[in-house]
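Engineer:
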Amino acid sequence: MQTPHIPVLLDEVLESFKDVGEGYFVDCTLGYAGHSSEILARYENLKHIGIDRDDEALTFSKKRLESYAGRSTLYKGTFATVFPTLQESPIVAVLADFGVSSLQLDKQERGFSFTSETLDMRMDASSELSAYEVVNHYPKEKLEYIFDTYGEVRSFKRLASAIVEARAQAPINSARELSEIAKTIIPAGGKIHPATLMFQAIRIEVNNELSEIEGLLDALEQKHVKGEVVSLISFHSLEDRLVKNRFKKWAQACICDPHAMRCTCGKNHALGKSFSSKPVTATKKELKINPRSRSAKLRSFRFKKDSDHGK
883 MQTPHIPVLL DEVLESFKDV GEGYFVDCTL GYAGHSSEIL ARYENLKHIG
933 IDRDDEALTF SKKRLESYAG RSTLYKGTFA TVFPTLQESP IVAVLADFGV
983 SSLQLDKQER GFSFTSETLD MRMDASSELS AYEVVNHYPK EKLEYIFDTY
1033 GEVRSFKRLA SAIVEARAQA PINSARELSE IAKTIIPAGG KIHPATLMFQ
1083 AIRIEVNNEL SEIEGLLDAL EQKHVKGEVV SLISFHSLED RLVKNRFKKW
1133 AQACICDPHA MRCTCGKNHA LGKSFSSKPV TATKKELKIN PRSRSAKLRS
1183 FRFKKDSDHG K
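One point on numbering: in our numbering, the residue at position 303 of the sequence shown is 1185, and numbering is uninterrupted.
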């Protein structure tokens, strides 16, 4: 069964889990099971839990993973909500790919693409908030905030004003209309479409993406097991910053006030360590096959085993 989505950094993800013990692997962003199917095929010691909020993805993945039915369980919901409730144990490996799947991007009716005739962007089609509500009903100040904070759009004020002016004439009904507005404010040039950062900001708002990541990181910190490996793939600086800073916190041995004259905490508070100080990115070979992998960054962290204490 062919997948409509090419999993990014697949070899690197597989490598990150090579030393995990027997137990459960959680794919927090199951999507179309590209990563999950390969991990199940390679590591027979692992049972699988897949989480996704997209009904279409869950239906596809259930069929794709039929041959692993005895080792795989799927749950619908956001990973920040579902992960803390999991009763399966031990969870020895966790993966999350925070990107939008190729199928979501390419399906015009999902409203993620610049040429779509709809304005949706919901990962869960049953959610109340869609891009249409954000674009047509958010006050100008709130649009400015999400364009600035979630999209890091330099012309965030002008862009918000242009949208408010346009919707005063008639509702903005499509992603295509919205992208045309962006072109009047943001000059074309470079490798990315003028509307890219604006669409990113709206998608983050609609799907509560950054809060979801923080919720997952909180849950991992609270319920991790010894030796558990966490591999997280981000696609823009906001996501990567959250992961990087949390991994740095987890690796801190000393928790004393940085202004303290000397350490009094014992310097034994590190929960584990990152695989490397810099994220793993796509190879030239992968970039040629899948250009959408160009922004992907993988960071991996291993929580301490008993044998690691004191190191």
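All C-beta atoms in this analysis are idealised placements derived from N, C-alpha and C, irrespective of residue type, glycine included.
1) How many Å lie between residue 1141 and residue 1127 at the Cα?
2) Report the CB separation of residue 1156 from residue 1181 in whole angstroms; it is logged as a contact under 8 Å.
3) Which word fits residue 971, buried or exposed, when buried means at least 16 other C-beta atoms lie within 10 angstroms of its C-beta?
4) Look at the alpha carbon of residue 1010 and the alpha carbon of residue 993, and state the distance between them as a whole number of angstroms.
5) Who are the near neighbours of residue 1184 in its chain, counting only those whose CB is closer than 6 Å to its CB and skipping five residues on each side?
6) What are the boundary residues of the alpha helix (DSSP H) that includes residue 955?
7) Whose C-beta lies closer than 7 Å to the C-beta of residue 1125 among residues of the same chain, with five residues either side of it excluded?
8) Quick test of the definition: if touching needs 3 or more C-beta pairs under 8 Å, does the stretch 948-961 touch the stretch 1015-1024?
9) Helix or strand or just coil, what does DSSP make of residue 1156?
10) Exposed or buried, which one is residue 1089 when buried takes at least 16 other CB atoms within 10 Å?
11) Rounding to the nearest angstrom, what Cα-Cα distance links residue 929 and residue 889 in this structure?
12) Could you check if residue 1161 is buried or exposed, using at least 16 other CB atoms within 10 Å of its CB as the buried criterion?
13) I need the DSSP call for residue 1180, collapsed to helix, strand or coil.
14) Please name the residue, chosen from 1037, 980, 937 and 950, that lies closest to residue 1007 on a Cα-to-Cα basis.
15) Report the rounded CA-to-CA distance for residue 906 versus residue 1101, giving the unit in angstroms.
16) Considering residue 930, what are the terminal residues of the beta strand (DSSP E) in which it resides?
17) Is residue 998 helix, strand or coil by DSSP?
18) State yes or no: is the C-beta of residue 1017 within less than 8 Å of the C-beta of residue 1054?
19) Can you give me the C-alpha to C-alpha distance between residue 943 and residue 1028, rounded to a whole angstrom?
20) According to DSSP, is residue 902 helix, strand or coil?
21) Would you give the residue range spanned by the beta strand (DSSP E) that residue 891 belongs to?
22) So is residue 1151 buried or exposed if we call it buried at 16+ other beta carbons inside 10 Å?
23) Quick one: is residue 1168 buried, meaning 16 or more other Cβ sit within 10 Å of its Cβ, or exposed?
24) If you run the structure through DSSP and keep just helix, strand and coil, what is residue 975?
25) Which residues share a DSSP beta bridge with residue 1114?
26) Quick check on DSSP: helix, strand or coil for residue 1100?
Structural biologist: Taking the geometry as given:
1) 20 Å
2) 7 Å
3) exposed
4) 15 Å
5) 1111 and 1154
6) Looking at the DSSP string, residue 955 is not in any alpha helix (DSSP H); the run it does join, the beta strand (DSSP E), is 954-958.
7) So the qualifying residues of the chain are 1114, 1116 and 1181.
8) no
9) strand
10) buried
11) 20 Å
12) buried
13) strand
14) Relative to the Cα of residue 1007, the nearest Cα in the group 1037, 980, 937 and 950 belongs to 937.
15) 16 Å
16) 928-934
17) coil
18) yes
19) When rounded, the distance between both Cα atoms is 33 Å.
20) coil
21) From DSSP, residue 891 is part of no beta strand (DSSP E); its letter is neither H nor E.
22) exposed
23) By the C-beta density criterion, residue 1168 is buried, having at least 16 other C-beta atoms within 10 angstroms.
24) strand
25) 978 and 1181
26) helix
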